[in-house]
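Peer 1: I have a structure here, written as C-alpha cells, and I will follow up with some questions on it.
In my numbering, the protein residues as written are 940 to 1276.
Right, here's the structure in full:
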C-alpha cells in the first residue's frame, strides 16, 4: 500500500488551532497546556484515561483534571476529521514517527464510539458502543482477548459510521436485511434436502438463481444507484469494480485479436476466425459508444449485428481471394460480370 500524501503544514496548523479554539473556548493558556500534555504521552495513553474518568464521577468533576478533559475533547474532535489521527500522532510523544493504519483505525473507532456514547440516552446502545470501545482497546493493546462476532460487528459498525443499533436506525435496518437473507438461505437449503413428504410449513422452492444467490434483490443499493456511484467515481479518476472488469475484457479482446492474426494460416478454420472477428468488432463498437462491456448482456439484436458483420467479412475475403488469383495472362483482376 503506498504511503499517504504528506499533509501540508499550514493545513495541520489550521485544523488543530480551530479544534483547540472550540475545545478551550479560545483560551490560549488552556490550549498550551493541552499541547504540553499531549506531547508527554503516546496516543494509546488517552483511551485508558477516558475509561478511568468515565468510571469516576469524582474524578470527572475535579478541577485539577480540566486539562485532561480538554485533551480528551480534542481527541474526540480530531477523530471526526479526515486524517485526524495523523495530526494527533504529530502532537504526541511519538510525533517523529508516522502512525500506521493498525493503530489509527482502532483509535478513531474508540473516540467516535466514546463521543457517541456520551450523547446517547439509550442504555442498550451505550452498552453496544462500549463493546466497540473494548474491541478497539484490545487492538491497541495487542492482547489476545477473545471477542465473538457480535463484538467485532459493533467495532466494524462504528468504523463504518454507524453509531447506534437502536430499532429503526440504518444499522438496524441493514442488519435485519442480512438476517432475513441468511435465514431464507438456510430455509431453502433445508427445504432442498428434505424428502418429498415435507410438512406444509416448509417454504416452497424458488427459482434456481434465488437458491444460488439468496441475497438477490436484497441489497440496499439499487443497480441505478451503483451505476451512478461508479460513474461519479470514474469521472474523478477513481477505480471501480465496473472499470476494472472493463479493463480486463479489453485486455482479453486484444489478446484474442493477436491470436486470430497468428491463425490466418489455418485454411480449415477461416469461418471460425471470421466469426470471432465479427464478435470482437461488435464488442469494440459497443465500447466506442461508451457501453461498459462488464454490464453487456448479448441479446437478439446483437446476434443480428454480428451476423451482418460476419457476412460482410466473408464477402470481403472472397473478393480478396478473387483479386489475388491471377488469370491466364498473369494479371490480377476482378470479373465483376
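Note that CB positions come from ideal geometry on N, CA and C, so glycine has one too.
1. Where residue 1033 and residue 982 are concerned, what is the direct C-alpha to C-alpha distance, given to the nearest angstrom?
2. Beta carbon of residue 986, beta carbon of residue 1049: below 7 Å?
3. Does the region 1009-1018 come within contact of the region 1105-1122, defined as at least 3 CB pairs closer than 8 Å?
4. Measure the alpha-carbon distance for residue 1205 versus residue 1257 and round it to whole angstroms.
5. Could you tell me the alpha carbon to alpha carbon distance between residue 1125 and residue 1214, rounded to whole angstroms?
6. Going along the chain, which residues of its own chain have a beta-carbon closer than 7 Å to the beta-carbon of residue 1101, five neighbours each way excluded?
7. I'd like the list of long-range same chain contacts for residue 1065, defined as Cβ closer than 7 Å, with 5 residues on each side in sequence excluded.
8. Suppose the cutoff is 6 Å on Cβ atoms and the five residues either side in sequence are ignored; what does the same chain contact list for residue 970 look like?
9. Going by alpha carbons, who is nearest to residue 1012 out of 1212, 1172 and 1054?
10. How about residue 1212 and residue 1222: do their beta carbons lie closer than 7 Å?
11. Which two residues bound the contiguous alpha helix (DSSP H) that contains residue 1172?
12. Determine the extent of the alpha helix (DSSP H) in which residue 1072 is found, giving its start and end residues.
13. Could you say which of 1079, 1080, 1076 and 1071 lies nearest to residue 1088 if we only look at CA atoms?
14. Report back the beta-carbon spacing between residue 1219 and residue 1196 to the nearest angstrom; my notes put them in contact at under 8 Å.
15. Among residues of its own chain, excluding the 5 on either side of residue 1274, which ones have a beta-carbon nearer than 6 Å to its beta-carbon?
16. Expressed to the nearest angstrom, what Euclidean distance is found between the alpha-carbon atoms of residue 984 and residue 1046?
17. Which runs of the alpha helix (DSSP H) spanning at least 4 residues fall entirely within the region 952-1000, listed in chain order?
18. By how many angstroms is the C-alpha of residue 1168 removed from the C-alpha of residue 1224?
19. Taking Cβ to Cβ, would you say residue 1278 is nearer than 7 Å to residue 1067?
20. If we call anything under 7 Å between Cβ atoms a contact, is residue 1052 one with residue 988?
21. Could you give the distance in angstroms between the alpha-carbon of residue 1093 and the alpha-carbon of residue 1183?
22. If you follow the alpha helix (DSSP H) that residue 1098 is in, where does it begin and where does it stop?
Peer 2: Working from what's here:
1. 8 Å
2. yes
3. no
4. 16 Å
5. 45 Å
6. 1109 and 1110
7. 1056 and 1059
8. 959 and 963
9. 1054
10. no
11. 1162-1174
12. 1062-1080
13. 1071
14. 6 Å
15. Residue confidence is low: residue 1274 scores 46 on pLDDT, short of 50, so the model does not pin down where it sits. Its coordinate-derived value is still stated next. The answer is none, since no qualifying residue turns up.
16. 11 Å
17. 967-977, 984-994 and 996-999
18. 25 Å
19. In this structure the chain extends from 940 to 1276, so residue 1278 is not present and cannot be described.
20. no
21. 31 Å
22. 1088-1098
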